[in-house]
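Notes follow once the structure below has been shown.
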Amino acid sequence: ASQAVMNLIWGVIGDRQGHKMVLTGAAVAMISAVLVTWYAPSAAWLTATFILLGAYLAADSVSALNIILEFCPPEDRPTYIGLTNTLLAPVLIVAPLIGGWLATWAGYRGLFIAALSVGLIGVLLLAFWVNEPRTGQAQTL
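So, in structure tokens, the structure goes:
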């Protein structure tokens, strides 16, 4: 349900503010989901985790490819989309395997620390290194 609702909200934000803002919100939602899961005092708290994951998935589906369309000229769009999907595929295949290995080797605490670290690095890179394609300016959080 949260994904369905957030699709509408992220769509409006993407149209008005840009897809970089939506992807930054997605990263913050994912980091928040990890924190809620890590510190959840009971299973009931995991409801918040799934709400945040729905917000993340909605933002990803709304803006992941749309921001690429804004980065490139129309004649290069098929190439950019193809390269994006090709380069992401190995990461999406290997990441769960690394996560499983890390959980076995370092436990869930190590897995959560790694997830938070990667998420924080990602949101900082997105916020300060990636320019908003519509304006060419870096946006801050």
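If you read the sequence shown in our numbering, its first letter stands for residue 113, the second for the next number, and so on. All C-beta atoms in this analysis are idealised placements derived from N, C-alpha and C, irrespective of residue type, glycine included. This one's a predicted model, so the numbers in the text were calculated from it and none came from an experiment.
Asked                                                                                                                        : Found
Could you please give the first and the last residue of the uninterrupted alpha helix (DSSP H) stretch that includes Ser154? : No alpha helix (DSSP H) holds Ser154; DSSP gives it neither H nor E.
Quick check: the Cα distance between Leu169 and Ala116, rounded to an integer number of angstroms?                           : 10 Å
Smallest Cα separation from Leu237: which of Met118, Ala218, Lys132 and Glu187?                                              : Lys132
Please report the distance separating the alpha-carbon of Tyr220 from that of Trp157.                                        : 17 Å
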